[in-house]
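Heads up, the thing below is written out as structure tokens.
Residue numbers (the working numbering), protein chains in the order written: chain A, 864 to 978; chain B, 2 to 111.
In structure tokens, the structure reads:
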């Protein structure tokens, strides 16, 4: 597609439920990132994929958070046993990953509200 | 995770005025990016910088990669109402993990 696409745009769930957030990156972009943005804050790094593999997952807050990218394109961020503190906008970004081309292109985000 | 310090935190300016904001880090970066975010949307890339001392323009926007590699600056000339939004800097060392600033909120008064 022309840009990074994220679904759903909004998700309201109850504490303890399981949630999946999907990201469809720009066609041809090999690198994919997940960030979390709380109100009034800058994006906080969660995980980075290079192709199918997670090259850096050091930003995942705990083992309730998991992300996959099985075919090197679409990625799914999975949150188990959601807590109210998980409420935030989850942003996905992709990058072409050529030398000296470091720009990240973001989607519009998925706003998660845990009641 | 690491966050970069941006200042000022917020700005209220008259239309037509110039704007300056900066971003500082305790770490050295080899890539600096500047983004603008509007409510309900993802950040949109404005300018990318790759070399210390580099000065790059995009229309009324000019950004500089600090010589120390620990800071960057963004200037907006002759501000207009559509410049309203939150401006974020982002820095990377390896080109893989990008750290974002705390943001500068800009309000332009017509």
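From the three backbone atoms N, C-alpha and C, an ideal C-beta is built for every residue, glycine too.
Computed from a prediction, not measured in an experiment: that's the story for all the values here.
| Check | Outcome |
| --- | --- |
| Relative to the C-alpha of residue 100 of chain B, which residue among A/898, A/871 and A/878 is closest? | A/898 |
| Cutting at 7 Å between CB atoms, please list the residues of its own chain near residue 951 of chain A, excluding the five before and the five after it. | 899, 900, 901 and 975 |
| Quick one: list the residues of chain B neighbouring residue 918 of chain A, beta-carbon separation under 7 Å, in chain order. | 97 |
| Nearest to residue 49 of chain B by CA position, among B/9, B/105, B/26 and B/73, is which residue? | B/73 |
| What separation, rounded to the nearest whole angstrom, lies between the Cα atoms of residue 896 of chain A and residue 17 of chain B? | 37 Å |
| Would you call residue 95 of chain B buried or exposed, if buried means 16 or more other Cβ atoms sit within 10 Å of its Cβ? | exposed |
| Does the beta carbon of residue 951 of chain A come closer than 9 Å to any beta carbon on chain B? | no |
| Taking only the alpha-carbon atoms, compute the straight-line gap between residue 959 of chain A and residue 915 of chain A and give it to the nearest angstrom. | 14 Å |
| Looking at C-alpha atoms only, which residue of A/978, A/903, A/933 and A/911 is the closest neighbour of residue 923 of chain A? | A/911 |
| Would the segment 926–937 of chain A count as touching the segment 59–69 of chain B if we require 3 or more Cβ pairs under 8 Å? | no |
| Can you tell which of B/14, B/25 and B/30 has the C-alpha that lies nearest to the C-alpha of residue 8 of chain B? | B/25 |
| Considering Cα atoms alone, identify which of A/869, A/969, A/913 and A/905 is closest to residue 883 of chain A. | A/869 |
| Based on Cα-Cα distance, which residue from B/110, B/103, B/104 and B/91 lies nearest to residue 29 of chain B? | B/91 |
| Starting from residue 62 of chain B, follow its DSSP beta bridges and name the residues at the other end. | B/59 and B/77 |
| Ordered along the chain, which non-local residues of its own chain (more than five positions away) have a Cβ less than 7 Å from that of residue 944 of chain A? | 879 and 927 |
| Report the option in B/20, B/15, B/105 and B/21 whose CA atom is closest to the CA atom of residue 37 of chain B. | B/105 |
| Considering Cα atoms alone, identify which of B/83, B/43 and B/89 is closest to residue 33 of chain B. | B/89 |
| Quick check: what's the CA-CA separation for residue 871 of chain A versus residue 885 of chain A? | 7 Å |
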